[in-house]
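Data first, discussion second: the structure below is written as structure tokens.
Printed below as a string of structure tokens:
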């Protein structure tokens, strides 16, 4: 039966994910508030990476401006909670997500006509424009002073909320990947002209991927805003967030379901470890590790994991050459 | 082929009128008129740069003609986007093959079945079933799990055909699917193309392999410097002095003629 192999893999994936989830559900009881904050950071990064994976991974468009939507989510959530209606947190958060999605559609329509580097640069510019707007629109955003959200210090609330969204994100990614939308995205990544000729409305599908990625980023932004209390343009529209979500996705495996979450975890672990060992050289060491990852595992950790399941079952032999083949495949000649 | 001959005058499936395409100062196509009749295999020949591929690009919506109109099943498609044309029932292959390299063969073909003319009524599961049928039909079944990136050229050409066929087109454009194949493979490709036609698909075939094109075509059109210089049944076209001068050459014309007689 040709379908047997993926099903077994899925079972293993499901079991491992389930165990990790149970572990994460009981985790707060055993952690200090500081450690819990680190875990929440990981989940928020996972959420952003899941979003980036839809446009950057499945569809193959290197978006460098997703932090813009992170900021839109943060500001919308904050401003709605502070408004005269005193919108509760979750409705405010969802409004921010919807608004970010709509903005992504409007921006995506012109910007997604660009290819490759041009698209990357354009999205970079868009994120910078958002920052400028937040910085100068004093009457609404209070400029560079920023806004202060209602205070909530209960760390478990943020942890569990983020965890719920990450699980939801996995389910949404699975549903999308199996639908015609998912097939359209990978077709666009493969060859856009071919995709068009195969009957795929490439513009609509790319805009949809971009909007979905914006929704994920905005939810991450809203959560972070509520937890951090203080929201300023400088803190929330940082290029570093975009880079983190891209790196997490690449480490985990672009275009895979669990890759972004796994990558976010590995990134957070590495970052925390390197931070404690090499305080001053932190960015350098981290950068070096990322380069090693990209050279030797350009497809990320997920293919390695699924591959090792095959090795353990004796379906495939372990070969060091596989790593070198990766290097060869991505070498510029 | 008998079908096309018996119900003449056949219905016109695609009608191109005065199609012109200029790239800068160069006219790749100059006022080409062409009818494709339902059920036929229309062969297109001409030297490199004659505008054959440009013509297909214009019809399939990848290029916009500078002027002229194109009707498919009586509907104007001149300014339609490619995907909409594809869903109407027009599919094509690319001369330089365009597989979705990171996907396996079955997924490549399933995507055609999902979004082509028959796509609306299919779920992803049904599209995969349709893809299995097409792979079976084209003899690609043993490659179903292979990544497209790992296929050999003959298999890539077949995959290109399979993707297009899975779209359930009424009209299929084949842009040099036989280039680079050895004689045995050409023979198999000819049989494959004739089988597709017998199943009811109208074909527009661009090919340089004279033996093949003369063997399978009901009619032949010759393009030269963006103009249609001849049109007719293969026997007539081969004897047309203009065609011999522009494309075939004396010796080649004789060879092509002998291929025709064998048929």
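Protein chains in written order, with this note's numbering: chain V, 1 to 333; chain H, 1001 to 1263.
Don't be surprised by glycine CBs; every beta carbon is placed ideally from N, CA and C.
Note that this is a predicted model, so its numbers are computed, not measured.
Proximity test, Cβ basis, 8 Å: residue 1124 of chain H and chain V = If you number the second chain from 1, residue 1124 of chain H lands on position 124. It does: the Cβ of residue 1124 of chain H has a partner Cβ on chain V nearer than 8 Å.
Tell me residue 1197 of chain H's beta-bridge partners as DSSP assigns them.
-> For the purposes of this step, residue 1197 of chain H is taken as residue 197 along the second chain, with counting starting at 1. Answer is none; residue 1197 of chain H lacks a bridge partner.
What's the call for residue 53 of chain V, buried or exposed, on a 16-neighbour Cβ count within 10 Å?
-> Residue mapping note: residue 53 of chain V aligns to position 53 of the first chain, counting from 1. The residue in question, residue 53 of chain V, is buried, as its Cβ has 16 or more Cβ neighbours within 10 Å.
Select from V:298, V:267 and V:304 the residue whose C-alpha is nearest the C-alpha of residue 49 of chain V.
-> If you number the first chain from 1, residue 49 of chain V lands on position 49. When only C-alpha atoms are compared, the closest one is V:267.
For residue 67 of chain V versus residue 212 of chain V, is the C-beta spacing smaller than 8 Å?
-> Within the first chain, the letter at position 67 stands for residue 67 of chain V. Within the first chain, the letter at position 212 stands for residue 212 of chain V. Taking 8 Å as the Cβ cut-off, residue 67 of chain V and residue 212 of chain V do not qualify as a contacting pair.
Is the stretch 1060 to 1072 of chain H touching the stretch 1101 to 1116 of chain H, taking contact as three or more C-beta pairs under 8 Å?
-> no
Which ranges would you report for the alpha helix (DSSP H) in the stretch 141 to 221 of chain V if only whole runs of at least 4 residues count?
-> 155 to 178, 180 to 190 and 192 to 197
Could you have a look at residue 1022 of chain H and say whether DSSP puts it in helix, strand or coil?
-> Looking up residue 1022 of chain H in the second chain gives position 22. Note: residue 1022 of chain H maps to strand in three-state DSSP.
What number of angstroms, rounded off, separates the C-alpha of residue 300 of chain V from the C-alpha of residue 243 of chain V?
-> Here the question's residue 300 of chain V lines up with position 300 in the first chain. Here the question's residue 243 of chain V lines up with position 243 in the first chain. When rounded, the distance between both Cα atoms is 16 Å.
Which residues in chain H sit within 9 Å of residue 179 of chain V, going by Cβ to Cβ distance?
-> For the purposes of this step, residue 179 of chain V is identified with residue 179 of the first chain, where counting begins at 1. Residues of chain H passing the Cβ test: 1124.
Are the stretch 1043 to 1056 of chain H and the stretch 1219 to 1234 of chain H in contact at 8 Å, needing three or more beta carbon pairs?
-> yes
Which of helix, strand or coil DSSP assigns to residue 94 of chain V | Walking along the first chain from the start, residue 94 of chain V turns up at place 94. The answer is helix: DSSP assigns residue 94 of chain V an H, G or I state.
Contact between the stretch 208 to 224 of chain V and the stretch 282 to 302 of chain V: three or more CB pairs below 8 Å?
-> no
If the cut is a Cβ gap below 7 Å, which residues of chain H does residue 201 of chain V touch?
-> Reading the first chain from its first residue, position 201 is the one you call residue 201 of chain V. 1083, listed in chain order.
What number of angstroms, rounded off, separates the C-alpha of residue 1208 of chain H from the C-alpha of residue 1041 of chain H?
-> As a working mapping, residue 1208 of chain H is identified with position 208 in the second chain. As a working mapping, residue 1041 of chain H is identified with position 41 in the second chain. Spanning the two alpha carbons is a distance of roughly 15 Å.
Of the listed residues V:156, V:258, V:138 and V:46, nearest to residue 29 of chain V (C-alpha basis) | One-based indexing of the first chain puts residue 29 of chain V at position 29. If we check each option's Cα against that of residue 29 of chain V, V:156 comes out closest.
Whose CA, out of H:1090, H:1018, H:1240 and H:1055, lies closest to the CA of residue 199 of chain V?
-> Numbered from 1 along the first chain, position 199 holds the residue referred to as residue 199 of chain V. Selected option, being the one with the closest Cα: H:1090.
Close-in-space but distant-in-sequence residues of the same chain around residue 34 of chain V (CB under 6 Å, 5 per side omitted) = Within the first chain, residue 34 of chain V is the residue found at index 34, counting from 1. Excluding positions up to five away in sequence, the list is empty.
Measure the Cβ-Cβ separation of residue 1177 of chain H and residue 1161 of chain H and say whether it is below 8 Å.
-> What you label residue 1177 of chain H is simply residue 177 of the second chain in a count that begins at 1. What you label residue 1161 of chain H is simply residue 161 of the second chain in a count that begins at 1. Yes, Cβ-Cβ distance for residue 1177 of chain H and residue 1161 of chain H is below 8 Å.
Bridge partners - residue 1067 of chain H, DSSP secondary structure assignment | One-based indexing of the second chain puts residue 1067 of chain H at position 67. DSSP output for residue 1067 of chain H lists H:1020 as bridge partner(s).
Where residue 1004 of chain H falls: helix, strand or coil (DSSP) | Along the second chain, read from residue 1 onward, the residue named residue 1004 of chain H stands at position 4. Because residue 1004 of chain H carries a pLDDT of 45, less than 50, the predicted location of this residue cannot be relied on, and the following value inherits that uncertainty. Correct three-state label for residue 1004 of chain H: helix.
Mapping DSSP to helix, strand and coil, what is residue 137 of chain V?
-> For the purposes of this step, residue 137 of chain V is identified with residue 137 of the first chain, where counting begins at 1. The answer is coil: DSSP assigns residue 137 of chain V none of H, G, I, E or B.
What number of angstroms, rounded off, separates the C-alpha of residue 87 of chain V from the C-alpha of residue 143 of chain V?
-> For this step, residue 87 of chain V is matched to residue 87 along the first chain. For this step, residue 143 of chain V is matched to residue 143 along the first chain. Computed Cα separation, rounded: 22 Å.
Nearest to residue 135 of chain V by CA position, among V:146, V:126 and V:170, is which residue?
-> Numbered from 1 along the first chain, position 135 holds the residue referred to as residue 135 of chain V. That would be V:146, whose Cα lies nearest to the Cα of residue 135 of chain V.
Starting from the Cα of residue 1131 of chain H, find the closest Cα among H:1120, H:1144 and H:1121 and give me that residue.
-> Your numbering for residue 1131 of chain H matches position 131 in the second chain. Nearest of H:1120, H:1144 and H:1121 to residue 1131 of chain H, Cα basis: H:1144.
Chain H contact for residue 57 of chain V (CB, 8 Å cutoff) = Here the question's residue 57 of chain V lines up with position 57 in the first chain. Output row for residue 57 of chain V: interface = no.
Use the C-beta contact count for residue 1175 of chain H: other C-beta atoms within 10 angstroms, 16 or more gives buried, fewer gives exposed.
-> Working through the second chain from its first residue, we reach residue 1175 of chain H at position 175. Label assigned to residue 1175 of chain H: buried.
Around the Cβ of residue 189 of chain V, are there at least 16 other Cβ atoms within 10 angstroms (buried) or fewer (exposed)?
-> Position 189 of the first chain, counted from the first residue, corresponds to residue 189 of chain V. Residue 189 of chain V comes out buried.
Per DSSP, what kind of secondary structure is residue 297 of chain V in: helix, strand or coil?
-> Reading the first chain from its first residue, position 297 is the one you call residue 297 of chain V. Three-state result, residue 297 of chain V: coil.
For residue 1111 of chain H and chain V, any beta-carbon pair shorter than 8 Å?
-> Here the question's residue 1111 of chain H lines up with position 111 in the second chain. Yes, residue 1111 of chain H counts as interfacial toward chain V.
Answer with buried or exposed for residue 1182 of chain H, where buried requires no fewer than 16 other C-beta atoms within 10 angstroms of its C-beta.
-> Your numbering for residue 1182 of chain H matches position 182 in the second chain. Result: exposed.
Alpha-carbon to alpha-carbon, residue 255 of chain V and residue 182 of chain V | Position 182 of the first chain, counted from the start, is the residue given in the question as residue 182 of chain V. Position 255 of the first chain, counted from the start, is the residue given in the question as residue 255 of chain V. Going from the Cα of residue 182 of chain V to the Cα of residue 255 of chain V covers about 10 Å.
Tell me, please, whether the CB atom of residue 115 of chain V is closer than 8 Å to any CB atom in chain H?
-> For the purposes of this step, residue 115 of chain V is taken as residue 115 along the first chain, with counting starting at 1. By this cut-off, residue 115 of chain V is not an interface position.
Just list the beta strand (DSSP E) runs in the stretch 1063 to 1117 of chain H, keeping only unbroken ones of 3 residues or longer that don't cross its boundaries, in chain order.
-> 1067 to 1072 and 1090 to 1092
When H:1137, H:1206 and H:1240 are compared against residue 1199 of chain H, the one with the closest alpha-carbon | Residue 1199 of chain H sits at position 199 when you count from the first residue of the second chain. Comparing Cα-Cα distances from residue 1199 of chain H to each of H:1137, H:1206 and H:1240, the minimum goes to H:1137.
Candidates V:250, V:112 and V:257: closest to residue 171 of chain V by CA position | To locate residue 171 of chain V, count along the first chain from 1; it is residue 171. It is V:257 whose Cα lies nearest to the Cα of residue 171 of chain V.
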